[in-house]
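So the sequence shown is numbered by full-length UniProt numbering: it starts at 1 and just counts up by one. Note that beta-carbon positions come from the ideal geometry of N, C-alpha and C, so glycine has one too. Comments concern the structure below.
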Amino acid sequence: ALRQLAVTRPSRLPGPRPYWREEPLWGGGKGTWGRPRQIIVDDDDSKIWSLYDAGPRNIRCPLIFLPPVSGTADVFFRQILALTGWGYRVIALQYPVYWDHLEFCDGFRKLLDHLQLDKVHLFGASLGGFLAQKFAEYTHTSPRVHSLILCNSFSDTSIFNQTWTANSFWLMPSFMLKKIVLGNFSSGPVDPLMADAIDFMVDRLESLGQSELASRLTLNCQNSYVEPHKIRDIPVTIMDVFDQSALSTEAKEEMYKLYPNARRAHLKTGGNFPYLCRSAEVNLYVQIHLLQFHGTKYAAIDPSMVSAEELEVQKGSLSVSQEEQ
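Right under this line is the structure:
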């Protein structure tokens, strides 16, 4: 059944929210669901990274999630809950206020140094995916990114036709910035799971301050593009949806051209936030992507959990293929 979405009245996702806020992390991670770990790595004390670090701490090449413009670290709670249960180490981030891509990349490199992580796998959603690519490009002479999963992402900011306004976002009031972001959310009839996901993301958007939103929109629209020759050797999975999202068909095609050897993970539906409303499929594609690193020092999973996890992947692949038939 479809229902009309009203984004003006945000509500939290029913069910998962309470235990997300109350349960401690698995595997000795610091912080709780309601209180992410906070880290300062820059000279400016106002630049605080917030993160959830869950799963076995002996894993030195974890999967790190980077959120979209409207997201916070906890928008990936469905991935954290599922993947840590299968033995993966997962880190979900919320970045501080950075006004250009170079500044972000330098701060992210310092964060990885602080966490004593030499190389990582990155899952980036929308802006998070673009920043993941820019970081891989930034560190290409001394690689820090072992693989990329790019969800509803892009490789060139010019697709938004807002490069001319990018330098004025810092002047805009919060309500105007939120209106710009909400303009990319689905407003037509959507299924209940997608409606809940949009409501949840609207709630997350409301939690962001003016400087956080302005800086993210600046990063999203500032004139920049990915230089593919610098990251061509990195394994990539491109994840996108066939239904309505903020990403144009042209932007998707450009990603396919940029990464001709990338694995493609297509979802029939899911809108802008498939990691919330189609989490089972997203989690399966993440596992399939990470399978290629099992048995190496860049595995994101506890070796003792591999056999059971591979069985789950086989079951999941079978159920997805049956649904597609």
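Q.
Any heavy atom of the ligand FMN inside 7 angstroms of the beta-carbon of residue 110?
A. As far as ligands go, the structure on display features none, and thus does not contain the ligand FMN.
Q: Could you please give the first and the last residue of the uninterrupted alpha helix (DSSP H) stretch that includes residue 72?
A: Locating residue 72 in the sequence shown gives position 72, where the first residue counts as 1. Element bounds for residue 72: n/a, residue is neither H nor E.
Q: Could you tell me whether the region 283-302 touches the region 227-241, where touching means 3 or more Cβ pairs closer than 8 angstroms?
A: yes
Q. In chain order, which beta strand (DSSP E) runs of at least 3 residues are fully inside the region 131-203?
A. 145-151
Q: Pull up the CB-CB distance for residue 133 and residue 231, whole angstroms please, since I reckon it's below 8 angstroms.
A: Start at 1 with the first residue of the sequence shown, and residue 133 comes out as number 133. Start at 1 with the first residue of the sequence shown, and residue 231 comes out as number 231. About 7 angstroms; that satisfies the 8 angstroms criterion.
Q: Have a look at 57, 40, 66 and flag the residue whose alpha-carbon is nearest the alpha-carbon of residue 275.
A: The count along the sequence shown starts at 1 and reaches residue 275 at position 275. The shortest Cα separation from residue 275 among 57, 40, 66 belongs to 66.
Q) At a Cβ threshold of 8 angstroms, is residue 227 touching chain C? A) The chain labelled as chain C is not found in the depicted structure, where only one protein chain is given.
Q) Helix, strand or coil: which one does DSSP assign to residue 248? A) If you number the sequence shown from 1, residue 248 lands on position 248. It is coil, neither helix nor strand.
Q: Would you identify the three-state DSSP class for residue 59, choosing helix, strand or coil?
A: For this step, residue 59 is matched to residue 59 along the sequence shown. Looking at residue 59 - three-state DSSP - the assignment turns out to be coil, as it is neither helix nor strand.
Q.
Do residue 82 and residue 52 have their beta-carbon atoms positioned less than 8 angstroms apart in this structure?
A. One-based indexing of the sequence shown puts residue 52 at position 52. One-based indexing of the sequence shown puts residue 82 at position 82. The answer is no: Cβ separation not under 8 angstroms.
Q: Could you have a look at residue 35 and say whether DSSP puts it in helix, strand or coil?
A: Here residue 35 is taken as the residue at index 35 of the sequence shown, counted from 1. Residue 35 falls in the coil class under three-state DSSP.
Q. Apart from the five residues on each side of it in sequence, which residues of its chain come closer than 8 angstroms, Cβ to Cβ, to residue 61?
A. As a working mapping, residue 61 is identified with position 61 in the sequence shown. The residues are 117, 118, 119, 120, 121, 146, 293, 297, 298, 299, 300.
Q. Mind checking residue 233: buried by the 16 CB within 10 Å criterion, or exposed?
A. For the purposes of this step, residue 233 is identified with residue 233 of the sequence shown, where counting begins at 1. Counting Cβ neighbours within 10 Å, residue 233 comes out exposed, since fewer than 16 surround it.
Q. For residue 109, which of helix, strand or coil comes out of DSSP?
A. Residue mapping note: residue 109 aligns to position 109 of the sequence shown, counting from 1. Helix.
Q) Using the beta-carbon count (16 or more within 10 Å), is residue 135 buried or exposed? A) On the sequence shown, position 135 is the one that residue 135 refers to. With 16 or more Cβ atoms within 10 Å of its Cβ, residue 135 is classed as buried.
Q: Could you tell me whether the region 39-50 touches the region 77-97, where touching means 3 or more Cβ pairs closer than 8 angstroms?
A: yes
Q) Can you tell me whether DSSP reads residue 294 as helix, strand or coil? A) Counted from its first residue, the sequence shown places residue 294 at position 294. Reduced to three states, the DSSP call for residue 294 is coil.
Q.
Suppose you measure from the CA of residue 110 to the CA of residue 223; what does that come to, to the nearest Å?
A. For the purposes of this step, residue 110 is taken as residue 110 along the sequence shown, with counting starting at 1. For the purposes of this step, residue 223 is taken as residue 223 along the sequence shown, with counting starting at 1. Computed Cα separation, rounded: 24 angstroms.
**Q.** Backbone secondary structure at residue 129 - three-state DSSP
**A.** In the sequence shown, the residue the question calls residue 129 occupies position 129. Looking at residue 129 - three-state DSSP - the assignment turns out to be helix.
Q: Using the Cα positions of residue 100 and residue 307, report the straight-line distance between them to the nearest angstrom.
A: Within the sequence shown, numbered from 1, the residue matching residue 100 stands at position 100. Within the sequence shown, numbered from 1, the residue matching residue 307 stands at position 307. Distance between the alpha carbons of residue 100 and residue 307 is about 43 angstroms.
Q | Nonlocal neighbours in the same chain, by C-beta distance under 6 angstroms from residue 281, ignoring five residues either side | A | Here the question's residue 281 lines up with position 281 in the sequence shown. Excluding positions up to five away in sequence, the list reads 267.
**Q.** Alpha-carbon spacing of residue 55 relative to residue 144, whole angstroms
**A.** Locating residue 55 in the sequence shown gives position 55, where the first residue counts as 1. Locating residue 144 in the sequence shown gives position 144, where the first residue counts as 1. Taking the straight line joining both Cα atoms gives about 20 angstroms.
Q: Drop a sphere of 10 angstroms on the beta-carbon of residue 45, count the other beta-carbons inside from all chains shown, and report buried for 16 or more, exposed for fewer.
A: On the sequence shown, residue 45 is found 45 positions in, with the first residue counted as 1. The residue in question, residue 45, is exposed, as its Cβ has fewer than 16 Cβ neighbours within 10 Å.
**Q.** Length of the line joining the Cα atoms of residue 38 and residue 141
**A.** Translated into positions along the sequence shown, residue 38 becomes position 38. Translated into positions along the sequence shown, residue 141 becomes position 141. Taking the straight line joining both Cα atoms gives about 29 angstroms.
Q.
Rounding to the nearest angstrom, what Cα-Cα distance links residue 226 and residue 196 in this structure?
A. Position 226 of the sequence shown holds residue 226. Position 196 of the sequence shown holds residue 196. Answer to the nearest angstrom: the Cα atoms are 33 angstroms apart.
Q) Hey, quick one: how far does the alpha helix (DSSP H) through residue 214 stretch, first residue to last? A) Residue 214 sits at position 214 when you count from the first residue of the sequence shown. Counting along the chain, the alpha helix (DSSP H) containing residue 214 begins and ends at 210-221.
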